[in-house]
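Read the structure below first, then the notes.
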């Protein structure tokens, strides 16, 4: 529902991605007047959904966990606090299409051990390595989970909420270097040498962060391994598609008095006396003032460009702009006729790996989501939705030189999209004949619609020497950041944490202590 824009409010949030909506909802619930300005006509950022000819497509995340069973996903924590619930459909694993042949990865403590026994060069050694790795990951997971995301803030009071969890804090502090460092350190610590196990871990890391294990934080991988292999583990898919999570966040913002304005591009952040004082909108040049703070959910590279010339120290602007980026995305969204299609042996999700060498190479590792196997309501009767994509390994440079809509650009879409078509044909051989809707989304699409520099999947850091930026990465009074270029990084749980962190930082610490 279109809402009137207020000339002044407590908090302005730039961007309606998951991080921005989490931040806005939590602050609105605390009684702050909040307005969210989103350039796109659809909320959700990289996690938005859209409809074409009756087919409901997810644009981003396709695997979820921690919504129907403990431990909770941080996004579930936010939704609970906002009084919102999204029904989930549980399933127990996904299909793997690898150079050696297909297999199903099934959640739980035992199934992967059986697969490792079949595939490892020295099964007994590989199993021993995996058992040591899982035990160490469970230790790290316990250390990290002892400090709830709800206790984080990014100001001078940051330590105070953590004191409620002093024993857990001390335990986490002892593991800080390992949790924040690359997961390859953990692999080396427990002696992982088996090639298949190493390849598998690199693929799992890439699916989380767009980087192999040497670029993925130990905390993220330890959490994932412990979660995948625990008793009773399952995956979740939101009934109605990923967009229902975004709809729930929007409801949470609006029912607590916050406002979401779609199709409203922020042209500039207003700076007065060294403080972020509001924003100027592109349409009509209208100014909206922020009494308390401006929070940017835009990627940090784009955020820097929103400041007036000279508003930021040159070294701050340069450091933010120079944060390395992963490559971009390539999508194939398909709406297909399901007449006569035998789905009995198919899985709701697949990972396709063409070669274990160079996991992050272009067009090598892909994901295929088949959500109508779980929720038929996402497509017209008798039809299916398929979403195949590469995330973090599609070069932006080869696309940027061709104007959108030019013959060269359209040819490139056809050529690069062919790899995704072939991947889908491995599970639905006649998919081209069945296709009723076929949409290829390029890195240029991401850069344009999602306002992401070079269409990037997210930031790259040398985890041996660097840490992910905190919400105060741009040091200015009344200004914070959240989203996937802010700690703890890429992924649904991570961006929800970043939104919580920004919201808590803007609350009085006494109130945060109650919530932590």
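In our numbering, the protein residues as written are 13 to 528.
Backbone N, C-alpha and C fix where the C-beta goes; we use that ideal spot for every residue, glycine too.
### Task
Would you list the residues sitting across from residue 402 in a DSSP beta bridge?
Along the chain shown, read from residue 1 onward, the residue named residue 402 stands at position 390. Secondary-structure assignment with DSSP links residue 402 through a beta bridge to 342.
### Query
In whole angstroms, what is the alpha-carbon distance linking residue 341 and residue 437?
The count along the chain shown starts at 1 and reaches residue 341 at position 329. The count along the chain shown starts at 1 and reaches residue 437 at position 425. Straight across, the Cα-Cα distance linking residue 341 with residue 437 is about 20 Å.
### Query
Which residues in the same chain have their Cβ closer than 6 Å to the Cβ of residue 174, if we skip the five residues on either side of it in sequence?
As a first step, residue 174 is located in the chain shown; it is residue number 162 there, counting from the start. Once the five neighbours on either side are set aside, the close Cβ partners of residue 174 are 163 and 181.
### Task
Quick one: give me the first and last residue of the beta strand (DSSP E) that residue 292 is part of.
The residue labelled residue 292 in the question sits at position 280 within the chain shown. Counting along the chain, residue 292 sits inside the beta strand (DSSP E) bounded by residues 287 to 293.
### Query
Nearest-angstrom Cα distance between residue 58 and residue 431?
Taking the chain shown and counting its residues from 1, the one referred to as residue 58 is at position 46. Taking the chain shown and counting its residues from 1, the one referred to as residue 431 is at position 419. Distance between the alpha carbons of residue 58 and residue 431 is about 22 Å.
#### Entry: Proximity of residue 283 and residue 319 at Cβ, strictly below 8 Å
Translated into positions along the chain shown, residue 283 becomes position 271. Translated into positions along the chain shown, residue 319 becomes position 307. The answer is yes: Cβ separation under 8 Å.
### Message
If you measure between the beta carbons of residue 37 and residue 322, is that distance less than 8 Å?
### Response
Walking along the chain shown from the start, residue 37 turns up at place 25. Walking along the chain shown from the start, residue 322 turns up at place 310. No; because the gap between Cβ atoms is not below 8 Å, this pair is not in contact.
### Task
Run the CB neighbour count on residue 141, radius 10 Å, all protein chains shown included, and call it buried at 16 or more, exposed below.
Locating residue 141 in the chain shown gives position 129, where the first residue counts as 1. By the beta-carbon neighbour count (other beta carbons within 10 angstroms, threshold 16), residue 141 is buried.
### Query
Is the Cβ-Cβ distance between residue 255 and residue 56 less than 8 Å?
One-based indexing of the chain shown puts residue 255 at position 243. One-based indexing of the chain shown puts residue 56 at position 44. Yes; because the gap between Cβ atoms is below 8 Å, this pair is in contact.
### Query
Are the stretch 359 to 379 and the stretch 392 to 401 in contact at 8 Å, needing three or more beta carbon pairs?
Note that the stretch 359 to 379 touches the stretch 392 to 401; at least 3 beta-carbon pairs, one per stretch, sit closer than 8 Å.
### Message
Taking the alpha-carbon of residue 94 as reference, which of 336, 384, 33 and 510 has the nearest alpha-carbon?
### Response
Taking the chain shown and counting its residues from 1, one reaches residue 94 at position 82. For the residues 336, 384, 33 and 510, the minimum Cα distance to residue 94 belongs to 33.
#### Entry: Reduced DSSP category for residue 440 - H, G, I as helix; E, B as strand; rest coil
On the chain shown, position 428 is the one that residue 440 refers to. Three-state DSSP puts residue 440 in coil, outside helix and strand.
### Task
Return the bridge partner residues of residue 280 from the DSSP annotation.
As a position in the chain shown, residue 280 is number 268, starting the count at 1. Under the DSSP definition of a beta bridge, residue 280 partners with 292.
### Task
From the DSSP output, in three-state form, read off residue 420 for me.
Here the question's residue 420 lines up with position 408 in the chain shown. Reduced to three states, the DSSP call for residue 420 is helix.
### Query
Expressed to the nearest angstrom, what Euclidean distance is found between the alpha-carbon atoms of residue 75 and residue 249?
The residue you call residue 75 lines up with position 63 of the chain shown. The residue you call residue 249 lines up with position 237 of the chain shown. Here the C-alpha atom of residue 75 lies approximately 7 Å from the C-alpha atom of residue 249.
### Task
Ignoring anything shorter than 4 residues or poking outside the stretch 296 to 383, list the alpha helix (DSSP H) runs there in chain order.
Correct list: 312 to 316 and 326 to 333.
### Query
Hey, how far is the Cα of residue 109 from the Cα of residue 196?
For the purposes of this step, residue 109 is taken as the residue at position 97 of the chain shown. For the purposes of this step, residue 196 is taken as the residue at position 184 of the chain shown. Straight-line measurement puts the Cα of residue 196 at about 24 Å from the Cα of residue 109.
### Message
Run through the DSSP bridge pairs and tell me what residue 33 is partnered with.
### Response
For the purposes of this step, residue 33 is taken as residue 21 along the chain shown, with counting starting at 1. Bridge partners of residue 33: none, in fact.
### Message
As a quick exercise: from 184, 159 and 192, pick the residue whose alpha carbon is nearest that of residue 176.
### Response
Translated into the one-based positions of the chain shown, residue 176 becomes position 164. Of 184, 159 and 192, the residue nearest in Cα terms is 159.
### Query
So is residue 19 in contact with chain C if we call contact Cβ pairs under 8 Å?
Of the protein chains in this structure there is only one, and it is not chain C.
### Query
Nearest-angstrom Cα distance between residue 502 and residue 469?
As a first step, residue 502 is located in the chain shown; it is residue number 490 there, counting from the start. As a first step, residue 469 is located in the chain shown; it is residue number 457 there, counting from the start. Answer to the nearest angstrom: the Cα atoms are 8 Å apart.
### Task
Within its chain, find whatever has a CB closer than 7 Å to the CB of residue 39; leave out the 5 residues flanking it on each side and keep chain order.
As a first step, residue 39 must be located in the chain shown, where it is residue number 27. The answer, listed in chain order, is 23, 46, 515 and 518.
### Assigned secondary structure, residue 169 (DSSP; H/G/I helix, E/B strand, else coil)
To locate residue 169, count along the chain shown from 1; it is residue 157. In the three-state reduction of the DSSP assignment, residue 169 falls in the coil class, being assigned neither a helical nor a strand state.
### Query
According to DSSP, what are the bridge partners of residue 414?
Counting from one through the chain shown, the residue named residue 414 turns up at place 402. Answer by DSSP bridge pairing: none, since residue 414 is not bridged.
### Message
Is the separation between the beta-carbon of residue 104 and that of residue 89 shorter than 8 Å?
### Response
In the chain shown, the residue the question calls residue 104 occupies position 92. In the chain shown, the residue the question calls residue 89 occupies position 77. Cβ atoms of residue 104 and residue 89: not closer than 8 Å.
### Message
Going by DSSP in three states, residue 53 sits in which element: helix, strand or coil?
### Response
Within the chain shown, numbered from 1, the residue matching residue 53 stands at position 41. Coil, per DSSP.
### Message
Per DSSP, what are the beta-bridge partners of residue 70 in this structure?
### Response
Sequence index remark: in the chain shown, residue 70 carries index 58 (1-based). For residue 70, which the question treats as bridged, DSSP gives the partners 61.
### Query
Just checking my contact of residue 301 with residue 50 at CB under 8 Å: how many whole Å lie between their CB atoms?
Here residue 301 corresponds to residue number 289 of the chain shown, with the count starting at 1. Here residue 50 corresponds to residue number 38 of the chain shown, with the count starting at 1. The pair is not a contact, with the Cβ atoms about 19 Å apart (cut-off 8 Å).
### Task
Specify, as a first and last residue, the run of the beta strand (DSSP E) that residue 452 falls within.
Sequence index remark: in the chain shown, residue 452 carries index 440 (1-based). Where residue 452 is concerned, the enclosing beta strand (DSSP E) starts and stops at 447 to 453.
### Query
Should residue 315 go down as buried or exposed, given a rule of 16 or more other Cβ atoms within 10 Å for buried?
The residue given as residue 315 occupies position 303 in the chain shown. Buried is the call here.
#### Entry: DSSP three-state assignment for residue 458, whether helix, strand or coil
In the chain shown, residue 458 corresponds to position 446, counting from 1. Three-state DSSP puts residue 458 in a helix.
### Query
Can the beta-carbon of residue 310 be found closer than 8 Å to that of residue 26?
Translated into the one-based positions of the chain shown, residue 310 becomes position 298. Translated into the one-based positions of the chain shown, residue 26 becomes position 14. Residue 26 is positioned such that its CB atom lies closer than 8 Å to that of residue 310.
### Message
residue 337 and residue 471 - do their beta-carbons sit closer together than 8 Å?
### Response
On the chain shown, position 459 is the one that residue 471 refers to. On the chain shown, position 325 is the one that residue 337 refers to. Residue 337 sits close to residue 471, with the two beta carbons spaced by under 8 Å.
### Query
Can the beta-carbon of residue 152 be found less than 8 Å from the beta-carbon of residue 187?
As a working mapping, residue 152 is identified with position 140 in the chain shown. As a working mapping, residue 187 is identified with position 175 in the chain shown. The answer is yes: Cβ separation under 8 Å.
#### Entry: Own chain partners of residue 240 with C-beta closer than 7 Å, once the 5 adjacent residues on each side are dropped
Along the chain shown, one-based indexing puts residue 240 at 228. Closer than 7 Å at Cβ, skipping near neighbours: 119.
### Message
Please state whether the Cβ-Cβ distance between residue 145 and residue 138 is less than 8 Å.
### Response
Here residue 145 corresponds to residue number 133 of the chain shown, with the count starting at 1. Here residue 138 corresponds to residue number 126 of the chain shown, with the count starting at 1. In this structure, residue 145 lies away from residue 138, with their beta-carbon atoms at least 8 Å apart.
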